[in-house]
Amino acid sequence: YNDPPGLQEKTEDLLRQWRNVLLSPLTEREITQNFNIYMHRMNINGILKSDDMITRFFRISAQRCIDDVYQLLAEDRLNPPVAGPKRKKYYMACDSFIKLVSLLIKNTAEASNPTPKLNLLNKILGIIAGCLLQDHEEHGTNFQQLPYHRLMLILFLDMNTSEPVLESMNYQILTAFCHTLRIVRPSVAPGFCYAWLEVVAHRAFLNRVMALTPQQKGWGMYSTLLIDLFKFLDPFLRNTELAAPVMTLYKGTLKVLLVLLHDFPEFLCDYHYGFCDAIPPNCIQMRNLILSAFPRNMRLPDPFTPNLKVDLLVEINSPPRAVINYGTLIPPSQFKKDLDAYLAARTPVTFLTELRSNIQVVNDPARRYNCQLINGLVLYVGTQAIAQIKAKGQTPNMSTIAHSAHMDIFQNFTVDFDYEGRYLFLNAIANQLRYPNSHTHYFSCCLLYLFAEANSEAVQEQITRMLLERLIVNRPHPWGLLITFIELIKNPAYKFWSHEFVHCAPEIEKLFASVARSCI
Amino acid sequence: PLGPLPLNTDHQSQFTMMEAAFYHMPHASDSERMRVYLPKNICQTPAYYNQVLLPHSDTVEFFQRLSTETLFFVFYYMEGTKAQYLAAKALKKQSWRFHTKYMMWFQRHEEPKVINEEYEQGTYIYFDYEKWGQRKKEGFTFEYKYLE
Amino acid sequence: LGQDLTALGLNLNSPDNIYLSFAGPWADSACRPQDMDHNVPPEYLIN
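Chains as they are written, first to last, in the working numbering: chain A, 1 to 520; chain B, 1 to 148; chain C, 1 to 47.
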């Protein structure tokens, strides 16, 4: 507001001059020399005299670039070019402006002082995000992601080059971009969601956030961005038939997760809990992909190995890699207090009878249970049980996990909850079936115990269905899921083949038989 | 049990915006720096054409099997990319040297007995921007000291 | 049954990392050498 009179014209004139500087075929070295001359001209025009003026200059310039692109897109819509649009013309304004911004950032203050540089970077990122959100609001379905995508990506590439002046502040630069990407995340700017994923999944961004940033300090920020994406996708993924726009974003997300599974499996191991908490429960394959990750230095025994002794594996007693704050899995509340009291004393029994009402959600047509609370409760109670068993010098098996406060709670889910509540509970357990570690071991025993001790065949069928739906989808399948299912159909103690539902349909029976053949 | 879910108004409006953006999907070149000559422009080719990258096509060995003309084409038309870098490496393995001062390539006719300030005989070629093509520089003597 | 994840254009059998040539969430194949910026000597940037 209240731009000084003439600033708009002055800014446009400066931008035009700058673009002419770039148009002449210059080498990088010559551009930098010309930039210093240009800086002097900006100074004479008072652009650099105050923080406020630079902000105004950036905002007017950014808006100018955005308007340019809109105008070119509108022209091409009116008179579609015969040989298809030459995308290059959409980029010129944005690229030349960002070149100017990058040189300003790198040359502001002496090389050893990052603060003014970072202030400028955050300023321009804030302006791009602000213009984007305002435009998104005003243009509605006519919003165009292209200019913002171009401004943000080219700025990142410029800030990501290996130059000494940038090396010292790479982490702050990355933080600034992650922060901006959160501000314009898909649930806030759905019209920008495809470009957003392009930036988040860009090889240069992946390289910086996953590989170049030391001590994996970028991983937490990246996991937050992915969770933003899962949360946006959630309501659209509940239907088996996905609309084309959703399918495109979903498959794009799968690709990014596949690249992470292939190159950074430890990242998926560390953040699997938060991801599976945000991915809708019926998104089987995406969740399997995340749960299939295992540390690269680990060798997984073939689950189909005859007489595989899981409890003799070296890693089976080690806790898994995971970035989880177990203390905050369940928000502090009276329920948490009652839970801890019950785990400590296995009384009062009212805790069990009131469990369902504590987990039910009443005023939300989309769901009947607090899925996140179930996930947190299962993991919290399970880890307490593992610690208790370990404290007794034992390892999880059908007898050591039985008759405990922990198992009371789990069995309560199977007897007192309806089909949907049980499904979410069984999912929460199956989400812990990953590579060989103490959680996989305990929760695998847990599932088999609940099957063996079930008070109705319906529960046994539901456990089988939940395992089956995770196995019949295309690969990959988590190791812990496979060994649990194989144990269930192989070990006569579970009398698996005696159940009616195993023979409920020829193809189902054939599938069980084929799995049985391959492992016996 | 988690059957289809009616979208609430908030999600419905999000879907509308997403759907609109779906008709303006990012183009492959939107995420790449501007290429002066050959911008990334994916076009559908008949299925019997190579649809995936030739294996090891990003190695010097692969580029060494390309013709000299192809290597020079890649060098001049794909500047700033890994292809240019690999083409330059492959050319050097064919004993071409890039003359940084005159921005031209030089290939000795024979390996010199001794390398000194003497002038060397060789083939000198440069890129003629006016005629937009590669040219031999006749009668040019070579100032060894600028050799890259 | 989900997607056939081996048919998404990613070379999942590659012994090397694939993210450096990942062409993005909508691309059907990896980046080619001419798609990837490279720190070439400044003299190569003839513009």
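Glycine included, C-beta positions come from ideal geometry on N, C-alpha and C.
I46 of chain C bridges to which residues according to DSSP? Paired residue(s): none; I46 of chain C is not in a bridge.
By how many angstroms is the C-alpha of W18 of chain A removed from the C-alpha of K137 of chain B? Between K137 of chain B and W18 of chain A, the C-alpha separation is close to 36 Å.
Can you grab the Cα-Cα spacing for the pair H11 of chain B / Q33 of chain A, in whole Å? The alpha-carbon atoms of H11 of chain B and Q33 of chain A are separated by roughly 51 Å.
Under 9 Å, do F75 of chain B and M103 of chain B count as touching if we go by C-beta distance? The answer is no: Cβ separation not under 9 Å.
Counting only Cβ pairs nearer than 8 Å, list the residues of chain B close to D263 of chain A. None at all; the shortest Cβ gap to chain B is about 17 Å.
When you compare each of A:A366, A:K490, A:L15 and A:C504 to E420 of chain A by their alpha carbons, which one comes out closest? The residue with the shortest Cα to Cα distance from E420 of chain A is A:A366.
Could you check the C-alpha separation between P281 of chain A and P33 of chain C for me, to the nearest Å? Here the alpha carbon of P281 of chain A sits roughly 40 Å from the alpha carbon of P33 of chain C.
Counting contacts by CB-CB distance shorter than 9 Å, is G133 of chain B in contact with chain C? Not an interface residue.
Below 7 Å CB to CB, which residues in the same chain sit around L71 of chain B once its five sequence neighbours on both sides are set aside? Within the same chain, L71 of chain B has close Cβ partners F63, A87, A90 and L91.
Between the stretch 86-108 of chain B and chain C, which residues of the former have a C-beta closer than 8 Å to a C-beta of the latter? Among the residues of the stretch 86-108 of chain B, those with a Cβ less than 8 Å away from any Cβ of chain C are L86, A88, F98, T100 and M103, in the order of the chain.
Reducing DSSP to helix, strand and coil, say where I125 of chain B ends up. For I125 of chain B, the secondary structure class from DSSP, reduced to helix, strand or coil, is strand.
For a contact defined as C-beta to C-beta under 7 Å, what are the partners of E19 of chain B on chain A? Going along chain A in sequence order, the residues near E19 of chain B (Cβ under 7 Å) are P245.
May I ask you to report which of helix, strand or coil DSSP gives Q3 of chain C? Secondary structure of Q3 of chain C (DSSP, three-state): coil.
By DSSP, does T115 of chain A sit in helix, in strand, or in coil? Correct three-state label for T115 of chain A: helix.
Count the other CB atoms, across all protein chains shown, that sit within 10 Å of the CB of V101 of chain A; report buried if there are 16 or more and exposed otherwise. With 16 or more other Cβ atoms within 10 Å, it is buried.
From A:L379, A:Y380, A:R356 and A:V378, pick the residue whose C-alpha is nearest to that of Y369 of chain A; which is it? Nearest C-alpha to Y369 of chain A among A:L379, A:Y380, A:R356 and A:V378: A:R356.
9 Å Cβ cutoff, R19 of chain A in contact with chain C: Chain C has no Cβ within less than 9 Å of the Cβ of R19 of chain A.
Ordered along the chain, which non-local residues of its own chain (more than five positions away) have a Cβ less than 8 Å from that of R41 of chain A? Taking C-beta separations shorter than 8 Å and ignoring five residues to either side along the sequence, the partners of R41 of chain A in its chain run L14 and Q17, following chain order.
Identify, in the order they occur along the chain, each residue of the same chain with its Cβ nearer than 8 Å to the Cβ of G327 of chain A, setting aside the five sequence neighbours on each side. Contacts found: none.
For the beta strand (DSSP E) that K490 of chain A lies in, which residues bound it at each end? Counting along the chain, no beta strand (DSSP E) covers K490 of chain A; the unbroken alpha helix (DSSP H) around it starts and ends at W479 to K490.
For Q3 of chain C, go through chain B and note every residue whose CB falls closer than 8 Å to its CB, in chain order. The premise fails here: Q3 of chain C is roughly 18 Å from chain B at the closest Cβ pair, so nothing lies under 8 Å.
What in chain C is Cβ-close to V52 of chain B, meaning under 7 Å? Under the 7 Å cutoff, chain C gives S29.
Output the distance between the C-alpha atoms of L433 of chain A and F294 of chain A, rounded to the nearest integer angstrom. The alpha-carbon atoms of L433 of chain A and F294 of chain A are separated by roughly 11 Å.
Under 8 Å between beta-carbons, which chain A residues line up against F22 of chain B? List them in chain order, please. Within chain A, the residues Y194, A244, P245 and T248 have their CB atoms less than 8 Å from the CB of F22 of chain B, given in chain order.
Within-9 Å CB hit, P4 of chain B to chain C: The C-beta of P4 of chain B comes no closer than 9 Å to any C-beta of chain C.
Using 9 Å as the limit for Cβ to Cβ distance, is M159 of chain A near chain B? Not a single C-beta of chain B is nearer than 9 Å to the C-beta of M159 of chain A.
Hey, could you find the ends of the beta strand (DSSP E) A185 of chain A is sitting in? The amino acid at residue 185 of chain A is misidentified as Ala; the sequence shows Arg. Where R185 of chain A is concerned, there is no enclosing beta strand (DSSP E), given that its DSSP letter is neither H nor E.
Below 7 Å on C-beta distance, what does T16 of chain B contact in chain A? Simply T141.
Would you list, in sequence order, the uninterrupted beta strand (DSSP E) runs of no fewer than 3 residues that lie entirely inside the stretch 22-78 of chain B? Correct list: empty.
Neighbouring residues, chain A, relative to M34 of chain B (Cβ below 7 Å): Simply K88, Y91 and D95.
Cβ pair count under 8 Å reaching 3, the stretch 170-178 of chain A against the stretch 503-519 of chain A: Cβ pair count under 8 Å is below three, so no.
In chain order, what residues of the same chain have a beta carbon less than 8 Å from the beta carbon of L10 of chain C, not counting five sequence neighbours either side? The answer, listed in chain order, is I18, F22 and A30.
What is the rounded straight-line gap between the Cα of E148 of chain B and the Cα of N20 of chain A? Residue confidence for E148 of chain B is low, a pLDDT of 49 falling below 50, so the modelled location carries little weight; the figure read from the coordinates is stated next. Rounded to the nearest whole angstrom, the C-alpha separation of E148 of chain B and N20 of chain A is 31 Å.
Mapping the DSSP letters down to three states, classify R19 of chain A as helix, strand or coil. Residue state for R19 of chain A is assigned as helix, using DSSP reduced to three classes.
Using a Cβ-Cβ cut-off of 9 Å, state whether E148 of chain B counts as contacting chain A. Note that E148 of chain B has pLDDT 49, beneath the 50 cutoff, so the model's placement of it is unreliable and no number is given.
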